[in-house]
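These notes are about the structure you will find just below.
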Amino acid sequence: MPLKSFILDRQEFEKQKVVNKFMPLERALNLLNSKTFWFANPEEWNDPFEKRFINATYGSNQKFAWKGRVFCTCFTYNATSEASWNAYSKNEPCIKFSFDRTELLQFLDDIQLNNNNWQVYFDSVEYMRTAFIKKPLPKIPFDPEPKKRNLHSMELKERLLLLKRKAFEYEQEYRAIIVKPKITKERGISVPIPNYGKLIKEVTIGPTVRDDTYKMLKELFQNKYNFNPSQIKKSLLYESIPEGIKIKI
């Protein structure tokens, strides 16, 4: 059985070539060295609203059924975003991997097929005003409306984990979710990648990296990790404009 999506139209998603993931250099190299994908426990995330529904109690002290069992990783439709580059480059260079969309869905399908007791989901994040997220469960204005609004519904649990404040709408985020059958204290789980060469179509190095550092990193990705030179580039977000440029009128 393949992964589940309640919002995403898989065929529409695959019409575009790539989806992106920004990460610090250390995490990017760890992905390549370990040949694994990291799914984080969302209870470790900084934004309190992203773990609001996990840590909440419902009705007569009922807990969120996936608490202690759920792990996530995020992607973005955005090809470039100053906010995304800045978010991951505070102490080290930021790297953007561009993943082939069809290969990514196949990778997630295989996780589900190889782990029958896991539940694997992939969907779009839904951005909403803070006041709406704070509403009682029956009044949160989901779009589209979930088929059921009780905490036994897998769809509702997934949709609650996809809610994010409108202030972050620039992220244009997709989220992959793994739910394990038993509670664990793991900070995250590493899932093997059979072939990152098929999955990763392009490596972009952050715009603040100096030219000599870019040259060194390009050689590293090319010689150690077997990317073609054409697959490796530097973001041109802060590219300088020559003086005296002529503009047609």
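Just so you know, we're using numbering that gives the first Met the number 0 here: the sequence shown kicks off at 0 and counts up by one. Ideal placement from N, C-alpha and C gives every residue a C-beta, glycine not left out. Treat the numbers as computed from the prediction; the structure is a model and nothing was measured.
Inset, instruction - Determine the DSSP secondary structure at K20, reduced to helix, strand or coil. - result: In the sequence shown, the residue the question calls residue 20 occupies position 21. Note: K20 maps to strand in three-state DSSP.
Inset, instruction - Would you list the one or two residues that DSSP bridges to E201? - result: In the sequence shown, the residue the question calls residue 201 occupies position 202. Beta-bridge pairing links E201 to S97.
Legend entry - R100: CB within 8 Å of a non-hydrogen atom of the ligand SAH: As presented, the structure is devoid of all ligands, the ligand SAH included, so that no description of it is given.
Inset, instruction - Along the alpha helix (DSSP H) that carries E81, what are the first and last residues, could you check? - result: Here residue 81 is taken as the residue at index 82 of the sequence shown, counted from 1. Note, E81: alpha helix (DSSP H), 81-86.
Legend entry - Beta-carbon spacing of V208, K95 below 9 Å: Here residue 208 is taken as the residue at index 209 of the sequence shown, counted from 1. Here residue 95 is taken as the residue at index 96 of the sequence shown, counted from 1. It is not a contact, given that the beta carbons lie outside the stated cut-off.
Inset, instruction - Would you mind working out which of K233, L107, K223 sits nearest D211, comparing C-alpha positions? - result: Residue mapping note: residue 211 aligns to position 212 of the sequence shown, counting from 1. Of K233, L107, K223, the residue nearest in Cα terms is K233.
Legend entry - Cβ neighbours of I188 in the same chain (closer than 6 Å, five flanking residues each side left out): One-based indexing of the sequence shown puts residue 188 at position 189. The residues are F38, F70.
Legend entry - Three-state class that DSSP yields for L162 in the structure shown: Taking the sequence shown and counting its residues from 1, one reaches residue 162 at position 163. Three-state DSSP puts L162 in a strand.
Inset, instruction - State the start and end residues of the unbroken alpha helix (DSSP H) segment that holds Y316. - result: The structure shown has nothing for residue 316, since the chain only spans 0 to 248.
Inset, instruction - Taking 9 Å as the cut-off, decide whether the C-beta atoms of N19 and S97 are in contact. - result: Residue mapping note: residue 19 aligns to position 20 of the sequence shown, counting from 1. Residue mapping note: residue 97 aligns to position 98 of the sequence shown, counting from 1. It is a contact, given that the beta carbons lie within the stated cut-off.
Legend entry - Element boundaries [alpha helix (DSSP H), containing Q10]: On the sequence shown, position 11 is the one that residue 10 refers to. 9-12 is the extent of the alpha helix (DSSP H) around Q10.
Legend entry - Extent of the continuous beta strand (DSSP E) to which R174 belongs: Within the sequence shown, the letter at position 175 stands for residue 174. Note, R174: beta strand (DSSP E), 172-178.
Legend entry - Residue range of the unbroken alpha helix (DSSP H) whose run includes A272: Outside the displayed range of the chain (0 to 248) lies residue 272, so it cannot be described from this structure.
Inset, instruction - Give a yes or no on contact between the stretch 38-53 and the stretch 70-80, applying the rule of three or more CB pairs nearer than 8 Å. - result: yes
Legend entry - Range of the contiguous beta strand (DSSP E) that encloses I231: Translated into positions along the sequence shown, residue 231 becomes position 232. Per DSSP, I231 belongs to the beta strand (DSSP E) from 231-233.
Legend entry - 9 Å Cβ cutoff met for D109 and F5: The residue given as residue 109 occupies position 110 in the sequence shown. The residue given as residue 5 occupies position 6 in the sequence shown. Not in contact: D109 and F5 (Cβ atoms no closer than 9 Å).
Legend entry - Bridge-paired residues (DSSP) for Q61: As a first step, residue 61 must be located in the sequence shown, where it is residue number 62. Its beta-bridge partners are Y57.
Legend entry - the stretch 115-129 / the stretch 168-185 touching (three or more Cβ pairs under 8 Å): yes
Inset, instruction - Kindly indicate the opening and closing residues of the beta strand (DSSP E) around Q118. - result: As a working mapping, residue 118 is identified with position 119 in the sequence shown. Run containing Q118: 118-123, per the beta strand (DSSP E) assignment.
Legend entry - Beta-bridge partners of T72, as assigned by DSSP: For the purposes of this step, residue 72 is identified with residue 73 of the sequence shown, where counting begins at 1. Its beta-bridge partners are A175.
Inset, instruction - Determine the extent of the beta strand (DSSP E) in which I188 is found, giving its start and end residues. - result: In the sequence shown, residue 188 corresponds to position 189, counting from 1. Counting along the chain, the beta strand (DSSP E) containing I188 begins and ends at 187-191.
Legend entry - DSSP bridge partner residues for F48 (one or two, in chain order): Taking the first residue of the sequence shown as 1, we reach residue 48 at position 49. DSSP lists no partner for F48.
Legend entry - Residue from N149, E154, M127 whose Cα sits closest to the Cα of L162: Locating residue 162 in the sequence shown gives position 163, counting from the first residue. Here the closest residue by C-alpha is M127.
Inset, instruction - For the beta strand (DSSP E) holding A39, just list the boundary residues, first then last. - result: Here residue 39 refers to the residue found at position 40 of the sequence shown. 35-39 is the extent of the beta strand (DSSP E) around A39.
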